[in-house]
Each structure stands twice: as structure tokens, then as C-alpha cells.
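Some notes on the structure that comes next.
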Amino acid sequence: MTERWERIGMVARWRPVHRGQAAVLRALCDRAAEALIGIGSANRYNVRNPFTLEETMDMIHLVLAGRENYRLIPVPDLDDGPRWRRLVLDLFGPLDCFVTANPYVASLLADDYPLLRPVDLVPPEERVAIEGRMVRRAMAQGDGWRDLVPPEVADYIAARRLDVRFRREFGLQTLALEAAIVG
Numbered sequence: 007m008t009e010r011w012e013r014i015g016m017v018a019r020w021r022p023v024h025r026g027q028a029a030v031l032r033a034l035c036d037r038a039a040e041a042l043i044g045i046g047s048a049n050r051y052n053v054r055n056p057f058t059l060e061e062t063m064d065m066i067h068l069v070l071a072g073r074e075n076y077r078l079i080p081v082p083d084l085d086d087g088p089r090w091r092r093l094v095l096d097l098f099g100p101l102d103c104f105v106t107a108n109p110y111v112a113s114l115l116a117d118d119y120p121l122l123r124p125v126d127l128v129p130p131e132e133r134v135a136i137e138g139r140m141v142r143r144a145m146a147q148g149d150g151w152r153d154l155v156p157p158e159v160a161d162y163i164a165a166r167r168l169d170v171r172f173r174r175e176f177g178l179q180t181l182a183l184e185a186a187i188v189g
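Residues 7 to 189 in the working numbering are what the sequence shown lists, from first letter to last.
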């Protein structure tokens with residue numbers, strides 16, 4: 007039997023929402039009466055966060071179309087882990103569990119919530135090994151990114167020419183960061 011919870015929470019950047027995250031978002035809603043979905047780095051617009059808070063919220067709403075048991079919560083970066091932890095506790099309140107793949111976030115919240123990894127929520131046949139970095143790299147290169155995101159997200163990005171904006175504003179920096187990581 008698949009475990010179900012009353013309230014489950016997660017914070018991620020979701021920029022853009024890719025196929026792996028879409029599976030996690032759906033699993034959050036499927037496994038809980040109420041899913042609290044935090045949009046991390048809500049106050050940042052940069053190479054790692056190349057879509058606005060509103061654009062990110064739109065993408066999540068598209069992926070979760072037809073579901074009503076979730077709430078989006080903007081969670082700003084504070085550059086202060088203990089303060090960020092207190093903010094998350096205030097914003098999310100009591101939870102049955104908190105979902106994170108981030109070891110630092112896990113260390114901050116381990117004494118406050120039972121922790122789960124996103125992969126633990128998603129059935130094996132629905133898991134997709136994609137990271138946001140892969141999508142941003144493909145978008146910077148100008149091709150292949152549409153296959154990494156759900157069709158509704160790809161259509162949203164393309165219709166608003168957000169991929170063109172991304173390449174113009176962050177393309178070279180994204181490719182340079184990738185070269186530095188690989189090299």
C-alpha cells in the first residue's frame with residue numbers, strides 16, 4: 007500500500023519545471039490531502055533562476071492542471087540557513103513530512119520534519135533522471151530542451167519566447183558555467 011499523508015511540503019526552484027519535477031509534483035498531490043509546494047529562490051532572477059516567480063507559478067499550475075489539493079508558497083533566499091529554516095517553519099507549519107533532495111536543506115530541517123527524498127514518492131516507472139541544469143544547458147544551446155520538459159511547459163515557454171530571452175540574457179553564462187564544471 008502506498009503511504010498517504012495529510013500535509014506534505016517541498017521547496018525547489020522549478021526553473022523551468024522539467025519532466026522529472028513534473029512527476030514529483032504530481033506525486034506530491036497524489037500522495038497527500040494537501041501538498042505545500044515552495045518555490046525556492048523566489049526573490050532571485052539570474053542564471054540559475056532564469057524565470058520569474060510568476061512564470062514559475064504558471065508552469066507548476068500547467069503541470070498540475072485538474073488538481074486542487076496544492077498551494078504554492080514563494081520562499082525567498084535569505085543567504086542565512088538558520089533564518090531560512092525559521093521562515094520555512096513559519097510558512098509551512100506542521101507537516102507529516104518534508105521532501106528534499108538537497109543535503110543542506112535536509113540538515114536544516116531534520117529536527118523539525120520527517121524527511122523524504124523526491125525519488126521515494128515517484129513510482130519507478132514514472133521516474134525521469136533530468137536536472138534543471140540539463141534543461142538550461144540545452145536551452146542555451148538552442149535545441150533539445152523541449153524534450154526535457156512536459157509539453158505544456160514547452161508550449162508555455164515557446165509561446166512567450168522565454169527560451170529566446172533565456173539565451174539572450176543567460177545563454178553564454180550558462181555554457182561557460184557548464185564548461186567550468188566539466189573542465
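Yeah, the Cβ is synthetic: ideal placement off N, Cα and C, and Gly gets one too.
Note that this is a predicted model, so its numbers are computed, not measured.
Within 7 Å, strictly: CB atoms of Phe104 and Leu115: Against the sequence shown, residue 104 aligns to sequence position 98. Against the sequence shown, residue 115 aligns to sequence position 109. Cβ distance < 7 Å, so Phe104 and Leu115 count as in contact.
CB contact flag (Pro130, Val30, <7 Å): Counting from 1 along the sequence shown, the entry for residue 130 is found at position 124. Counting from 1 along the sequence shown, the entry for residue 30 is found at position 24. No, they are not a contact pair.
Counted within 10 angstroms of its Cβ, other Cβ atoms place Met7 as buried (16 or more) or exposed: Along the sequence shown, read from residue 1 onward, the residue named residue 7 stands at position 1. With a pLDDT of only 46 at Met7, under the threshold of 50, the placement of this residue in the model should not be trusted; the figure read from the coordinates follows. Met7 is exposed by the Cβ-count criterion.
Span separating the alpha-carbon of Glu9 from that of Asp118: Taking the sequence shown and counting its residues from 1, one reaches residue 9 at position 3. Taking the sequence shown and counting its residues from 1, one reaches residue 118 at position 112. Going from the Cα of Glu9 to the Cα of Asp118 covers about 20 Å.
Simplified DSSP state of Tyr119, which is helix, strand or coil: Your numbering for residue 119 matches position 113 in the sequence shown. Coil.
Alpha carbon of Glu12 to alpha carbon of Ala39, nearest angstrom: To locate residue 12, count along the sequence shown from 1; it is residue 6. To locate residue 39, count along the sequence shown from 1; it is residue 33. Approximately 5 Å between the Cα atoms of the pair.
Three-way DSSP call (helix, strand, coil) for Val128 in this model: Translated into the one-based positions of the sequence shown, residue 128 becomes position 122. In this structure, Val128 counts as coil in the three-state DSSP scheme.
Residue from Ile66, Trp20, Pro22, Gly26 whose Cα sits closest to the Cα of Val270: Not covered by the structure: residue 270. The range shown for the chain is 7 to 189.
Assigned secondary structure, Leu42 (DSSP; H/G/I helix, E/B strand, else coil): Stepping through the sequence shown from its first residue, residue 42 is reached at position 36. Correct three-state label for Leu42: strand.
Proximity winner among Arg89, Val69, Val128, relative to Arg37 (alpha-carbon distances): The count along the sequence shown starts at 1 and reaches residue 37 at position 31. The residue with the shortest Cα to Cα distance from Arg37 is Val128.
Beta-bridge partners of Leu78, as assigned by DSSP: Looking up residue 78 in the sequence shown gives position 72. Its beta-bridge partners are Ile43.
C-alpha gap between Leu181 and Met65, whole angstroms: As a position in the sequence shown, residue 181 is number 175, starting the count at 1. As a position in the sequence shown, residue 65 is number 59, starting the count at 1. If I take the Cα positions, the gap works out to 24 Å.
Whether Gly44 touches Val69 by CB criterion (7 Å): Walking along the sequence shown from the start, residue 44 turns up at place 38. Walking along the sequence shown from the start, residue 69 turns up at place 63. Contact: no.
Rounded straight-line distance, which links the Cα of Val17 to that of Ala165: Mapped onto the sequence shown, residue 165 falls at position 159. Mapped onto the sequence shown, residue 17 falls at position 11. Going by the C-alpha atoms only, they are around 27 Å apart.
Cβ-based burial, Ala71 [other Cβ within 10 Å; buried from 16]: As a position in the sequence shown, residue 71 is number 65, starting the count at 1. Exposed.
Whole runs of the alpha helix (DSSP H) within the segment 123-186, excluding any shorter than 4 residues: 124-127, 138-147, 157-165, 168-172, all fully within the segment 123-186.
Which listed residue (Glu74, Asp169, Glu132, Tyr162) has its alpha carbon closest to that of Arg143: What you label residue 143 is simply residue 137 of the sequence shown in a count that begins at 1. With distances taken between CA atoms, Arg143 lies nearest to Asp169 out of Glu74, Asp169, Glu132, Tyr162.
Beta-carbon proximity list for Ala48, same chain, < 6 Å, skipping 5 on both sides: Translated into positions along the sequence shown, residue 48 becomes position 42. Result list for Ala48: Leu59, Pro80, Val81, Pro82, in chain order.
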